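Participant: Quick one: structure below, then a few questions.
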Amino acid sequence: MAAGVTTVLEHLLLPPGLAVLLLVPGLLLWGAERRGGGWLVTLGLAALILPSLNIVAAPLAQTLERDLRERPLATGRADAIVVLGGGRASGRHHVTGGDDVSALTFERLRFAAHLHRRTGLPLLLSGGSPGAEGRPAEAELMADALRREFRVDPRWLEGASRNTHENAFFTAQHLQGSGVERVLVVTHAMHMPRALGRFEAAGLAADPAPTGFRGPAGEWRLRDFVPTVDALETSRFALREWLARAARPLRDRLPGDRPGA
Numbered sequence: 060m061a062a063g064v065t066t067v068l069e070h071l072l073l074p075p076g077l078a079v080l081l082l083v084p085g086l087l088l089w090g091a092e093r094r095g096g097g098w099l100v101t102l103g104l105a106a107l108i109l110p111s112l113n114i115v116a117a118p119l120a121q122t123l124e125r126d127l128r129e130r131p132l133a134t135g136r137a138d139a140i141v142v143l144g145g146g147r148a149s150g151r152h153h154v155t156g157g158d159d160v161s162a163l164t165f166e167r168l169r170f171a172a173h174l175h176r177r178t179g180l181p182l183l184l185s186g187g188s189p190g191a192e193g194r195p196a197e198a199e200l201m202a203d204a205l206r207r208e209f210r211v212d213p214r215w216l217e218g219a220s221r222n223t224h225e226n227a228f229f230t231a232q233h234l235q236g237s238g239v240e241r242v243l244v245v246t247h248a249m250h251m252p253r254a255l256g257r258f259e260a261a262g263l264a265a266d267p268a269p270t271g272f273r274g275p276a277g278e279w280r281l282r283d284f285v286p287t288v289d290a291l292e293t294s295r296f297a298l299r300e301w302l303a304r305a306a307r308p309l310r311d312r313l314p315g316d317r318p319g320a
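Numbering (the working numbering), first residue to last: 60 to 320.
What follows is the structure, given as structure tokens:
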């Protein structure tokens, strides 16, 4: 129940859903209440266009990434690498014939494979089947992609988690008695601050191994002032992270959101 409510709220409060939420009533009110309808339409267009500009999206990403960009990887003190799933591509994929990992997840796997070859550390893949019950867990899809594309075998699969909170909780449970005391967490840089907070709460020492930075890269270019889907996706990712961090205290009070509940 809690997961379903969260998903609906995300779609309504994040772009482009927020723009639709403002534009539709604004257009409906346009004839009867032109001033009020006009304000809603203006706000709706702003909620659609501004997040689509990289001059907005990149600084939003930087608010989450700034402490990670210059931080060296602590590979020397980790006992394992944990890769957090970033979603699945549902349907008949042209390679697998069924579900496969999403582009976000693949980006994380590619970096994890590089770290594995560089350090020799074993891999744990974390991801369940939220919204895809009865189908392979995301961790299984990740393992298939890792073997197929990078010829790397993971040591552990954690396939019960539905969110970042459970990624950390179930990973900590999974590694009990394994001799692993500290892990490198692989996820996108924008997601890393929240992920590390959940691993700390789960009692598992973790260091960041971020990938997929989306913050400003050098001087602004003309295309940074033009709306793009990539910028919209970056803005949505960053705003979702801030929304999730703000909502965490409330979700902690919901009994259905506890791992295993």
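Every residue gets a Cβ at the ideal spot worked out from N, C-alpha and C, and that includes glycine.
Everything numeric in this text was worked out from a predicted model, so none of it was measured.
I need the straight-line Cα distance from His233 to Glu217, nearest angstrom please.
Facilitator: 7 Å
Participant: Residues in its own chain within less than 7 Å of Pro213 by CB, not counting five upstream and five downstream?
Facilitator: Leu182, Leu183, Leu184, Ala202, Leu205
Participant: Excluding five sequence neighbours on each side, which residues of the same chain lie with their C-beta closer than 6 Å to the C-beta of Asn226?
Facilitator: Leu143, Ser185, Ser220
Participant: Under DSSP, the alpha helix (DSSP H) around Val115 begins and ends at which residues?
Facilitator: That run of the alpha helix (DSSP H) goes 113-124.
Participant: Using 8 Å for Cβ pairs, my map puts Leu88 next to Gly96. What's the rounded Cβ distance?
Facilitator: 3 Å
Participant: List the endpoints of the continuous beta strand (DSSP E) containing Thr246.
Facilitator: 241-247
Participant: Find out if the Cβ-Cβ distance for the pair Leu73, Arg299 is shorter than 8 Å.
Facilitator: In this structure, Arg299 lies closer than 8 Å to Leu73 by Cβ.
Participant: Can you give me the start and stop residues for the alpha helix (DSSP H) that Ala198 sits inside?
Facilitator: 197-209
Participant: Going by DSSP, name the residue or residues bridged to Pro269.
Facilitator: Thr246
Participant: If you draw a straight line from the alpha carbon of Leu255 to that of Thr66, how long is it in whole angstroms?
Facilitator: In this structure, the straight-line span from the alpha carbon of Leu255 to that of Thr66 is close to 22 Å.
Participant: Please check the pair Val245 and Phe170, which I expect to be a contact at CB under 8 Å, by giving their CB distance rounded to whole angstroms.
Facilitator: Under the criterion of beta carbons closer than 8 Å, Val245 and Phe170 qualify as touching, at roughly 6 Å.
Participant: Whose C-alpha, out of Thr293, Glu292, Pro252, is nearest the C-alpha of Arg125?
Facilitator: The option with the nearest alpha carbon to Arg125 is Pro252.
Participant: For Ala116, I'd like the list of residues in its chain whose CB is within less than 6 Å of its CB, leaving aside the five on either flank, ordered along the chain.
Facilitator: Correct list, in chain order: Ala290, Thr293, Ser294.
Participant: Starting from Thr83, trace the beta strand (DSSP E) in both directions and tell me its first and last residue.
Facilitator: Note that residue 83 corresponds to Val in the displayed sequence, not to Thr. Taken as a continuous stretch (DSSP letters only), Val83 belongs to no beta strand (DSSP E), being part of the alpha helix (DSSP H) at 76-88.
Participant: According to DSSP, is Ser220 helix, strand or coil?
Facilitator: coil
Participant: In its own chain, which residues sit with a C-beta less than 7 Å from the C-beta of His250, not counting the 5 before and 5 after it?
Facilitator: Excluding sequence neighbours, His250 sits near Glu300.
Participant: How should Pro269 be labelled, buried or exposed, when 16 other C-beta atoms within 10 angstroms of its C-beta is the threshold for buried?
Facilitator: buried
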